[in-house]
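These notes are about the structure you will find just below.
Number of protein chains: 4
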Amino acid sequence: VRAVVLNGPHDVAVERIDDPTLTGDDGIIVAVDRTAICGSDLHYYEGHMGHTAGIRLGHEFLGEVVEAGPEVRSLRRGDRVFVSGVVGCGRCGPCAHGDPVRCDVGWQAFGTTPALPGGQAELVAVPAADAYARTVPEGLTTEQAVLLTDVLPTAHIGVTRADVRPGSTVAVVGLGPVGTLAVELALLFGAARVLAIDVVPERLSNAARLGAEPIDATAGDVVAQVRDRTAGKGAPCVVEAVGSDATLRDALLMCAVEGTVSVIGVNLNMQFPLPLAVLFSRNITVRTATASVPTTWPALIPLLQAGRLRPDDVFTHRLPLSAAAEAYATFAGRVDGCMKVLLDASA
Amino acid sequence: VRAVVLNGPHDVAVERIDDPTLTGDDGIIVAVDRTAICGSDLHYYEGHMGHTAGIRLGHEFLGEVVEAGPEVRSLRRGDRVFVSGVVGCGRCGPCAHGDPVRCDVGWQAFGTTPALPGGQAELVAVPAADAYARTVPEGLTTEQAVLLTDVLPTAHIGVTRADVRPGSTVAVVGLGPVGTLAVELALLFGAARVLAIDVVPERLSNAARLGAEPIDATAGDVVAQVRDRTAGKGAPCVVEAVGSDATLRDALLMCAVEGTVSVIGVNLNMQFPLPLAVLFSRNITVRTATASVPTTWPALIPLLQAGRLRPDDVFTHRLPLSAAAEAYATFAGRVDGCMKVLLDASA
Amino acid sequence: VRAVVLNGPHDVAVERIDDPTLTGDDGIIVAVDRTAICGSDLHYYEGHMGHTAGIRLGHEFLGEVVEAGPEVRSLRRGDRVFVSGVVGCGRCGPCAHGDPVRCDVGWQAFGTTPALPGGQAELVAVPAADAYARTVPEGLTTEQAVLLTDVLPTAHIGVTRADVRPGSTVAVVGLGPVGTLAVELALLFGAARVLAIDVVPERLSNAARLGAEPIDATAGDVVAQVRDRTAGKGAPCVVEAVGSDATLRDALLMCAVEGTVSVIGVNLNMQFPLPLAVLFSRNITVRTATASVPTTWPALIPLLQAGRLRPDDVFTHRLPLSAAAEAYATFAGRVDGCMKVLLDASA
Amino acid sequence: VRAVVLNGPHDVAVERIDDPTLTGDDGIIVAVDRTAICGSDLHYYEGHMGHTAGIRLGHEFLGEVVEAGPEVRSLRRGDRVFVSGVVGCGRCGPCAHGDPVRCDVGWQAFGTTPALPGGQAELVAVPAADAYARTVPEGLTTEQAVLLTDVLPTAHIGVTRADVRPGSTVAVVGLGPVGTLAVELALLFGAARVLAIDVVPERLSNAARLGAEPIDATAGDVVAQVRDRTAGKGAPCVVEAVGSDATLRDALLMCAVEGTVSVIGVNLNMQFPLPLAVLFSRNITVRTATASVPTTWPALIPLLQAGRLRPDDVFTHRLPLSAAAEAYATFAGRVDGCMKVLLDASA
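What follows is the structure in structure tokens.
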């Protein structure tokens, strides 16, 4: 079968792989239908993650169960499932709660190590299926279910961990797919105002259309712009969805007294220069978030079913799996206003 | 000046009163512009509250400060203000937090005792003005500010105390003004589904228009209807906004395991027959709420200013103060689909 | 083997039963070592629960696994285990969290129906063992592990659901085993003051020894006594641990404004006369609690291991299983200051 | 009158000053009885805070009101008061809640700028007295009341913001006065285990006496020691009470997955090297805390009155104000096991 393989920086190819086998008695094999490219795949694509040649990419996918191990209880052959992009051992207490980040053994994401090949492929092996795979709920589109594997949960956790309350003012730094979904969720959770910050005009106008106040970072200091719009106080809730040092610094400086900065833009700097004196003078809380994906499903699924959350249009580009190289280049380069790419694994 | 006086059951009249005087150095006199009739006024109008002849009614009002006591710091002559319908002493710690319900001395509502004449009048004396009166914020309509004196805060506290979370299913029992606003707030706070229960077709269709699922109580057992729509589980969040024994019993029985019933429909029964065995088998929480009005303003005002909360159309009828008798009859009888009446105190 | 059987009101006997068999592939058989009598067993013993002749009693027990079904993962033959007194299906999401009360299928307690024979026996069948049985943690006494099956979790949930915070004043109504443990836990969780209410002098002096302020209910109106000791305000946190209408009414009336009454004394009255007007004037929260036993273990076990929680001396009487009839009579009659009885199932 | 003046690094002197005058109509003049030296005074004493010559030191003090401005309501001449070490404008909403850190105008600490001379003096001017000064509650010792001005509130906020729950394992890094009080409070709030880390043997043995597990930082890597004692997981709640880059780094690295690091050791580094990759892999929350002092009094005062919190013995040295130079040298050098110094302003 075919799979997307990373051969080096900016070099992905669709290659033949051996059919995957069950990871264990609690695993399943999924025949992938649709799979998406995530901003965090770009860390690998762009060569920021060290020696990763040969990695089979992809942690956002949906498909049909074609084989199920003997211990799997909740799924069977033929079920249409989506899978958490992050998984744990499946046997410990936290995994029973669907929280891979707390797993006693440790968490891993699909498509980031040789140990757990990714889902941008025709077939993928999924471990701990009872804990981490779920049949697609009635009333959800295929694309919504793909978004439940990572980006919607990440946006949900980012907004939740920013301590957003009804009536809050929320700043969202960065309007890529996760940031845009964070804007939508913050409004859905009762924020009075969402200040949506980016440099791309279409992303700003899209956020405005969702109900946010766009702040154009090319128009000057975003910290000053946020303070101007909040009577000098800053935003009590800040979601950082970029992952650069500069945007994180901005996020910290725009935060109001006793506020919270929730960081979901992945930044693996081991020496980020934290302005502690500012934090002390304002009693700020800083949180990072790797999404414990399944813990968010009980809130997100009913919102999708009720039509209150409509995230589908973060997908701007749809391509066959065979065009993965073009898809990565388009996504990485934001060609044609590309926000997020969905791949059809059958083509 | 003129004021609405309750002379007996179903007997209100506009009468001449002496000009009110300051209640103390921390008080103000307000020349009323608009004032509303509240469902709780009907408890008095219909004679359920014992001997209340001579009471000057009304706890929802807005107007201009025409006199301010020497200790008042935050307001001055000429300010346009709205006033919490419930007030405390103004000097204790809880009053400093704007929480009259916790006041060390005790709370009282305007228009319910001779000690605190109501605001359905041309002039009204307001005690503890720094704690309980506020200038109308920029961007709010007059009608929105009137709704901030009682019904919006009550709906807010009712929804908040029902433990509504993003993704929750919420049942609202009773779609009068407060129930209707509770529907709107529950959706604004991220409820996935709101089951809106009443017997009046217009109220049901109005709730549906807001985004709720209407449940017609004339069509059969509402508990069964709620359970049918929730896979047998019931609703984890229930807001009771009627105040009768029967509706409260329904609210308790439709509540899901570990759920919360928040009671904002005033019911002063000292022997309500509580089905404890049901509560025990389901670990239910029951809360009553008298609104600590000003504590809700920091959340509600930005939502109104941002246009995310649009409560104005709960007012279905607008009449001059001189027509108060007609207004009460219309409201009590739900004549012409009457939901809520606004009185113009200048006419 | 032998088991305690309820033959009628005040009539229990140790009788021969057939060896129990596995309830299913996820079940275990436990050879009981120690088992306790619970206050809720008395509801059956005293004939308050309808037709219950033939019930095999007991939901607090500890012993050795002598057989394990093929699906059981976490336990094996020879393990020394304690078991949640309340169990669910073991397969649904809430059961994965150890929360039988939310179980999709419904919860049941051992020893209360023919469907789930109790643990006051030499052998007992335990369903859903991975979810509801646990090996005895290092550092715990046998008696502490028995207390983890019901009364400590109930006391924990009762105190937690009373919204106890560091610095709180807590009233505990009823100083039986659960109430006494609630006193100990409230102090351990940082209560500044615990007002401990009962009529039995030894129970009052025991609570005083733990650090509480005893209130003798024989000395006059307990509501007045609580208000006298709280500057008229009442207690913001109240734990009702008796289960009578009179004590529940007292608990409600002694509660402070915005306070919480947590009811753990089982009361199955379907028409308890709730004084709603009092609740409305004070914004009181009322909660009932059936213990979702395993959810409390992560907090309780480390407190026991660290020696910070020392509940062992609620056991005042230790008897062989063969003396069950005497044990029940002693417990029911509070003979010789009996607080709680531990039975040795090997004797 | 006399006051302690900082003339340069390691150079404090008791000097004659003019009698202070009221800061405004809402201020008081306090004749100081007792005043303490705080670890944060050392930042000034040791010359880390830039040009501070001439500063009159001290933000922990207690004394008698000798003059009260005409707007002061809650205090009068002759009252014995303690004062929040940090104050705000006294007029805004947050100040009405006793939260100087959120003050609309900004907060300041006594004894840190010429604008707000300190309380290590015979007389001190206190602004916004209704919000920030309080009569000494019945049942408190003088020394307890002095501790309420800063270090107990800081320890309380540090522990609270570490998300300590009953049953938690808490690591406290640094056992100076604030760290030692954090140990005591963490245990009082129900922590199962407190890992208390320092290099000074007496401080470690003192923490052990309070009920903590001492960890000697001179015996090797403290992160490894904490992980060894927690089955490799680290501590879910960490309180950093030193203020150095090295200890903060340790605090972050010893934190468990989904844990919280609460930083109360003042560290004004604007470029602290934050190990973001570690935070991301574990979903850690980091909080800094400047104490909003009066907000902690409602919890701390009843705990002191009930004798459940016994902090007095953090004072190891008592000296007259006239010996301030010796007192600072003793405190800075930890001479004779000095933990904290109390000065008698009458001598």
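Residue numbers (the numbering used here), protein chains in the order written: chain A, 1 to 347; chain B, 1001 to 1347; chain C, 2001 to 2347; chain D, 3001 to 3347.
No residue lacks a Cβ here, since even glycine has one placed at the ideal position from N, Cα and C.
Using a Cβ-Cβ cut-off of 8 Å, state whether residue i counts as contacting chain A.
| i | result |
| --- | --- |
| leucine 1147/B | no |
| serine 3281/D | yes |
| alanine 1196/B | no |
| leucine 1303/B | yes |
| alanine 1306/B | yes |
| threonine 3052/D | no |
Of all Cβ atoms in chain C, is any one closer than 8 Å to the Cβ of residue i?
| i | result |
| --- | --- |
| leucine 3342/D | no |
| methionine 1254/B | no |
| arginine 1287/B | yes |
| threonine 1290/B | yes |
| proline 1201/B | no |
Measuring only between beta-carbons, confirm whether residue i sits less than 8 Å from chain D.
| i | result |
| --- | --- |
| alanine 1217/B | no |
| leucine 1964/C | One cannot answer for residue 1964/C here, as it falls past the ends of chain C, which runs 2001 to 2347. |
| leucine 2300/C | yes |
| leucine 2319/C | no |
| alanine 2192/C | yes |
Rounded to whole angstroms, what's the CA-CA distance from residue i to residue j? Just pull it up for me.
| i | j | result |
| --- | --- | --- |
| glycine 2069/C | isoleucine 264/A | 44 Å |
| asparagine 1269/B | leucine 1175/B | 21 Å |
| alanine 1312/B | glutamine 1144/B | Looking at the sequence shown, residue 1312/B is not alanine but aspartate. Spanning the two alpha carbons is a distance of roughly 6 Å. |
| valine 2293/C | aspartate 2099/C | 7 Å |
| tyrosine 2045/C | glutamine 2120/C | 14 Å |
| glycine 3179/D | glycine 2211/C | 26 Å |
| aspartate 163/A | alanine 289/A | 13 Å |
| arginine 165/A | glycine 1111/B | 33 Å |
| valine 2278/C | asparagine 1267/B | 10 Å |
Name the DSSP bridge partner or partners of residue i?
| i | result |
| --- | --- |
| leucine 2062/C | Arg2034/C, Phe2082/C |
| proline 273/A | Pro3273/D |
| leucine 1342/B | Ala1036/B, Arg1318/B |
| glutamate 2240/C | Val2173/C, Val2263/C |
| aspartate 1216/B | Asp1198/B |
| valine 2012/C | Leu2006/C |
| arginine 1134/B | Phe1082/B |
| valine 2087/C | Gln2108/C |
| alanine 1125/B | Ile1029/B |
Pick helix, strand or coil for residue i, following the three-state DSSP scheme.
| i | result |
| --- | --- |
| serine 2262/C | strand |
| arginine 3209/D | helix |
| valine 3286/D | strand |
| valine 2183/C | helix |
| alanine 324/A | helix |
| arginine 1227/B | helix |
| alanine 347/A | coil |
| arginine 2193/C | strand |
| cysteine 2255/C | strand |
| alanine 68/A | strand |
Please report whether the beta-carbon of residue i lies at a distance below 8 Å from any beta-carbon of chain G.
| i | result |
| --- | --- |
| proline 2294/C | The structure shown contains no chain G; its protein chains are A, B, C and D. |
(Q) Taking beta-carbon pairs under 7 Å, can you tell me which members of the region 2154 to 2176 of chain C lie near chain A? (A) none
Q. When Cβ atoms are compared, which residues of the region 1095 to 1121 of chain B fall closer than 8 Å to chain D?
A. Ala1096, His1097
Q. Which residues, in order along the region 3244 to 3271 of chain D, keep a beta-carbon less than 7 Å from a beta-carbon of chain A?
A. Val3257, Glu3258, Val3266, Asn3267, Leu3268, Asn3269, Met3270, Gln3271
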